[in-house]
Structure formats: C-alpha cells, structure tokens
Amino acid sequence: MRAVVLISGRGSNLQALLAAQRAGELGADIAGVISSRGDAGGLPKAAAAGCQVAVLEASDHTSRADFDAALSRQIDAWQVDLVLLAGFLRIFTDDFVARYQTRMLNIHPSLLPALKGLHTHRRALAEGHSEHGCSVHAVTPELDGGPVILQSRVPVRPDDDEQTLADRVLREEHRIYPHVVRWFADGRLQLHPGAVLLDGQTLTRPLQVRAGDPLPV
Ligand code: NHR
Ligand code: GAR
C-alpha cells in the first residue's frame, strides 16, 4: 500500500509515520509528501527519508478549486491508496473530499466533536476543560466532522500552558495515528461515505484510550 502525507509545518506526525514505516509497523510506504508551505520543517525530513516531495502554495493558485485540482494531480501521479493529513492547514473543496473520501484520514488535536478547527489547546485551556486529547478521523466535507476512529484522552493539569498541553497531546498523536494507518493498510478499516467499518463492524462510536494506555489491537 502506498500513502501520501500532506503537511503544512513541522512534520512531527510525518516523522512518527516514517518511524513506524521503518519499524515495519505501518503496513504502508510513504511514497510522497506534499506541503502547502515551502518553508515547512517537515520537508527536509521527508527528503532525508527518501520520499518524493512537492510544494503547492496557495499563493500560486487563483482559487481553492484550482489549488485542490493541482493537489489531486500530484496525488494521482504518485498512485497512492491512502491520503494522510498531518498538520495540513488548508480546507478542501467538497469535490476534493468526494474524490478521496474512502481513503483519507486526519489527525486532529482535540477530542472531537469538541474543539473543531484551529488553536485547540488554547481553547481547551480558555474554556476550562479538564480533559483534552486527539482524534484520528475520516475526512468528510464537514470540517473536522467526519467519523472518529480512535482517540486518546489526556488530562489537562492546573499548571498547563498551551505548550505543555500541546506536548502531552502530541505524544498521543504520534502513537494513535500510525496505529490507525496500520488498520487501514491491513484491510481491517474501511471508510465508506456514511460509515466506518472496523473488522466488518460499523463503528458507532470512537475507540478510546488514555495517554500511555496500550492501544486496542
Ligand atoms: N477539509 C475538509 N473539507 N474537511 C475536513 O475535515 C478537513 C479539511 C481540510 C483540513 C484538517 C483540519 C484540522 O485537523 C482538515 C480537515 C485547516 C483549517 C483552517 O481553518 C481548519 C481545520 C483543519 C485544517 N484552515 C484555514 C483555511 O482557510 C487556513 C488557516 C491557516 O493557514 O493558518 O484553509 O484541524
Ligand atoms: C498537530 O498537533 C496536528 O494534530 C495539528 O497540527 C499539529 C501539526 O504538527 N493539526 C491541526 O491543527 C490541523 N488543523 P506536526 O506538523 O508536527 O505533525
């Protein structure tokens, strides 16, 4: 199975996926990495790992539809089976989502459906949440609204700031994302337009772990 990873920044989730691939635990080859920013820290990491890389900047495209068309062309040229968003900061058009909906996953830094959108750690603190976390979900046209597959819960501590909380969540992102990719690569996870199936059973609610707990097999 071949995967493409879409990034916009640092690329630590990309690195976690690459590490899982190297360890033989991903079940997929990361054939290519596409960044929406030329200065993304993840790009040199991708190149060092031997992935093909491409940069598609929004400023070089006249519309979202035009950007997404260029993105599709690159993805399709690499002939991948799976599209993985990893800190990708561009909202897609419905047409783009429709094309990849059965083979596209995202890692989002909150316990969805709580805290969709950006700046989730800041908002978790501002809203006084006692628990926070991250979610791997299927991507649908509704932003951060697709079915959640696996999430990890972390405590919010009284002395947390945005950075300490983000770090605690990020460690869990790096555990759960490669794990879900493995399910997809092994053919155990199927993404359908209205439902997600794991081992042939419709997921009616997300699987959940707590920080550090063993992951569901
Ligand atoms: N597209 C669709 N249609 N559906 C989803 O669920 C998507 C998506 C595109 C990206 C990732 C998402 C996240 O994990 C994602 C999920 C970007 C924004 C955003 O507001 C929000 C959520 C996500 C990604 N982007 C601004 C935009 O105008 C740009 C912000 C910036 O550049 O700083 O595209 O949270
Ligand atoms: C991660 O925390 C990811 O969940 C989040 O951005 C960070 C990217 O870090 N994604 C979003 O907020 C998407 N809107 P990384 O580049 O080191 O993987």
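The sequence shown: position 140 = 139 (numbering that gives the first Met the number 0), numbered continuously.
Note that beta-carbon positions come from the ideal geometry of N, C-alpha and C, so glycine has one too.
Which residues in the same chain have their Cβ closer than 6 Å to the Cβ of residue i, if we skip the five residues on either side of it in sequence?
{"i": "residue 34", "result": "6, 42 and 54"}
{"i": "residue 32", "result": "4, 45, 50 and 52"}
Comparing alpha-carbon positions, which option in the options lies nearest residue i?
{"i": "residue 64", "options": "93, 86, 50 and 38", "result": "93"}
{"i": "residue 66", "options": "36, 77, 78 and 80", "result": "36"}
{"i": "residue 229", "options": "130, 138, 78 and 181", "result": "In the structure as shown, the chain begins at 0 and stops at 216. Residue 229 is therefore absent and cannot be evaluated."}
Quick test of your reading: residue i and residue j, contact by CB under 8 Å. State the CB separation rounded to the nearest angstrom.
{"i": "residue 202", "j": "residue 195", "result": "5 Å"}
{"i": "residue 71", "j": "residue 109", "result": "Contact flag wrong, Cβ pair sits at about 28 Å."}
{"i": "residue 2", "j": "residue 27", "result": "5 Å"}
{"i": "residue 123", "j": "residue 167", "result": "Wrong, their Cβ atoms sit about 11 Å apart, outside the cutoff."}
{"i": "residue 184", "j": "residue 25", "result": "7 Å"}
How long is the line joining the alpha carbons of residue i and residue j, rounded to whole angstroms?
{"i": "residue 172", "j": "residue 102", "result": "19 Å"}
{"i": "residue 58", "j": "residue 84", "result": "20 Å"}
{"i": "residue 22", "j": "residue 15", "result": "11 Å"}
{"i": "residue 128", "j": "residue 119", "result": "11 Å"}
{"i": "residue 114", "j": "residue 160", "result": "17 Å"}
{"i": "residue 193", "j": "residue 97", "result": "12 Å"}
{"i": "residue 13", "j": "residue 151", "result": "18 Å"}
{"i": "residue 169", "j": "residue 77", "result": "29 Å"}
{"i": "residue 197", "j": "residue 187", "result": "6 Å"}
Closer than 8 Å by C-beta to residue i: which residues in its own chain qualify, once you throw out the five before and the five after it? Chain order, please.
{"i": "residue 9", "result": "39, 40, 41 and 86"}
Just verifying my parser: in three-state terms, what is the DSSP assignment at residue i?
{"i": "residue 132", "result": "strand"}
{"i": "residue 107", "result": "strand"}
{"i": "residue 9", "result": "coil"}
{"i": "residue 185", "result": "coil"}
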